[in-house]
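Each remark here refers to the structure printed beneath this line.
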Amino acid sequence: MNYPRLGNTDIRYSELVLGCWALGGGSTWGDQDEELSVRTVHAALESGINCFDTAEFYGGGRSEEVLGKALAGKRQRAVVATKLWVDNMGREATIRACEGSLKRLQTDYIDLYMIHWPNREVALSETLEAMLSLKRDGKVRALGVCNFGALDLAEALALADIVVDQLPYSLLFRAIEFEVLPACLGSRVPVWAYSTLAQGLLTGKFASAADVNDERARIRFYTKERPGTVHDEEGYEREVFGAIPRLKSLCETAGVLLPRASMAWVLRQPGVAAVLIGARTPEQIVDNVAFADLELGEDLLRQLEQATGELKELMGANPDMWRTRSRFR
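Mapping of the sequence shown onto the working numbering: residues -1 to 327, in sequence order.
Shown next as structure tokens:
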């Protein structure tokens, strides 16, 4: 496993980052036993994963609380990344939000503090000035952003040293390739890719859209008729569920598992420095770690890319998985 440097700091983080949203349970992921979550974090550390991604938004802070408990006595071994929610981006609100995250995480510093989504009602300069003050006070070691498009990223870089842009990226959702990924490459801002298994579709366990529950089916893959959706598109169910068997067949021919190949494909893309993995058990940690050193030949990499090229073009350059009117800029 590789351990890139976090910006200009001396922090080295694993290229596999444990996404901790599900560890706190909640409506999106269902109930989760706290002790099992703690053991999952410990298994990650033992496997070589030292980086953990959470957010104050996840479970209303529950994810941060669970991660804090899991890292008690082990904090020095971990790189902790958490995110500021969109409602807390005024100067004083940012300071309070960070203090809340520190308390829930049971730590006195956050390695990487990120803006979760852009906020068009608060000047980005106000938010970043507050985050920079937190950095000067030693409560934050590095700053990053999530879901920032090319224009927002350029504005942020003019105000602060941004060391990560966390973005949705998978074989089934390649919108960042049009504009955002080139902007990150041009600015030398590493990408941390999330939803690399397309919310479970690339595990191969869903045969059709009908098998996917409504909570997961709010993204633009699915028809606007699904409950809870906020987009106004007809969906791309035929193309998505047509591409999955092609991907699976290519992987079977190559003798690799679809989910491992899917994550390895993302990690091999230019500009991608880390991939967030979802795991709720120690066993899933072991299974996920196996792909870090998976070698995909150039032919397979190209074939996987070609298998989803039509879907990429149909869905277009909007990197917002949930909304037609993109929050990216």
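Using N, Cα and C, we set each Cβ at its ideal position, and we do this for glycine too.
Sub-8 Å separation of residue i and residue j beta-carbons
i: Leu248; j: Ala205; result: no
i: Gly88; j: Glu124; result: yes
i: Val343; j: Ala191; result: Outside the shown range of the chain, which is -1 to 327, sits residue 343, and nothing can be said about it.
i: Gly269; j: Ala140; result: no
i: Ala121; j: Leu151; result: no
i: Arg278; j: Ala41; result: no
i: Leu14; j: Met(-1); result: yes
i: Val228; j: Arg321; result: yes
i: Arg325; j: Asn86; result: no
i: Arg327; j: Leu149; result: yes
i: Thr105; j: Val77; result: no
i: Arg218; j: Met319; result: yes
i: Leu256; j: Gly198; result: no
Residue i - DSSP class collapsed to helix/strand/coil
i: Ser168; result: strand
i: Thr80; result: strand
i: Ala215; result: helix
i: Gly276; result: strand
i: Leu4; result: coil
i: Arg139; result: strand
i: Trp320; result: coil
i: Gly17; result: strand
i: Asp85; result: helix
i: Phe326; result: coil
i: Tyr111; result: strand
i: Arg258; result: helix
i: Val270; result: strand
i: Phe329; result: Shown here, the chain extends from -1 to 327; a query on residue 329 therefore has no answer.
i: Ile9; result: coil
i: Ala41; result: helix
i: Asp163; result: strand
i: Val228; result: coil
i: Ala152; result: helix
i: Val287; result: helix
i: Val348; result: What is shown of the chain runs -1 to 327, which leaves residue 348 out entirely.
i: Ala191; result: strand
Own chain partners of residue i with C-beta closer than 6 Å, once the 5 adjacent residues on each side are dropped
i: Thr52; result: Cys18, Ser61, Glu62, Leu65, Thr80
i: Ala68; result: Val36, Val39
i: Ala252; result: Leu298
i: Thr194; result: Ser168, Met261, Val264, Val273
i: Arg102; result: Gly59, Glu62, Glu63, Gly66
i: Pro2; result: Ala271
i: Pro317; result: Ala173, Ile174, Val178, Phe326
i: Pro280; result: Arg37, Thr38, Ala41
i: Glu230; result: The sequence shown places Asp at residue 230, rather than the Glu named in the question. Result list for Asp230: Lys222, Thr322, in chain order.
i: Val210; result: Phe204
Nearest residue (CA-CA) to residue i, options the options
i: Gly276; options: Asp209, Met313, Cys49; result: Cys49
i: Glu235; options: Arg134, Glu308, Gly147; result: Glu308
i: Val238; options: Leu200, Leu256, Gly226; result: Leu200
i: Gly22; options: Arg3, Gly57, Asp8; result: Gly57
i: Arg75; options: Val187, Glu97, Asp109; result: Asp109
i: Arg73; options: Leu100, Gly59, Thr7; result: Leu100
i: Gly142; options: Glu296, Leu82, Arg218; result: Leu82
i: Gln267; options: Val189, Thr221, Arg118, Pro243; result: Val189
i: Val284; options: Tyr107, Ile47, Ile160; result: Ile47
i: Tyr11; options: Pro243, Val161, Glu296, Phe289; result: Val161
i: Met129; options: Ala208, Asp163, Asp159; result: Asp159
i: Ala91; options: Ala70, Glu127, Gly136; result: Glu127
i: Glu153; options: Asn117, Asp135, Asp209; result: Asn117
i: Met112; options: Pro243, Asp163, Ala259; result: Asp163
i: Leu292; options: Asp209, Ala207, Ala259, Ala208; result: Ala259
i: Leu34; options: Glu296, Gly226, Gln282, Glu119; result: Gln282
Contacts around residue i, its chain only, beta-carbon distance under 7 Å, and the 5 residues preceding and following it disregarded
i: Arg224; result: Asp212, Ala215, Arg216
i: Phe176; result: Ala315
i: Thr7; result: Arg139, Ala140
i: Ala196; result: Ser168, Leu170, Phe171
Cβ-Cβ separation, residue j to residue i (assumed contact under 8 Å), whole Å
i: Leu312; j: Ala262; result: Wrong, their Cβ atoms sit about 25 Å apart, outside the cutoff.
i: Leu302; j: Leu245; result: 6 Å
i: Leu165; j: Ile174; result: 5 Å
i: Val254; j: Ser45; result: Rounded, the Cβ-Cβ distance is 20 Å, inconsistent with contact.
i: Ala241; j: Leu157; result: 39 Å between Cβ atoms; not a contact.
i: Leu155; j: Ile93; result: Actually they are not in contact, since the Cβ atoms of Leu155 and Ile93 sit about 23 Å apart, beyond 8 Å.
i: Ala207; j: Tyr220; result: 6 Å
Own chain, CB closer than 8 Å to residue i, minus 5 neighbours either side, in chain order
i: Asp29; result: Gly23
i: Leu98; result: Checking the displayed sequence, the identity of residue 98 turns out to be Gly instead of Leu. Cβ neighbours of Gly98 beyond the five flanking positions: Glu54, Gly59.
i: Ala95; result: Glu54, Leu82, Trp83, Asn86
i: Tyr107; result: Leu100, Gly136, Lys137, Val138, Arg139
i: Glu32; result: Val64, Lys67
i: Lys310; result: Arg172, Ala173, Glu175
The ligand HEM heavy atom lying under 7 Å from the CB of residue i
i: Ala205; result: The ligand HEM is absent from the structure shown, which contains no ligand whatsoever.
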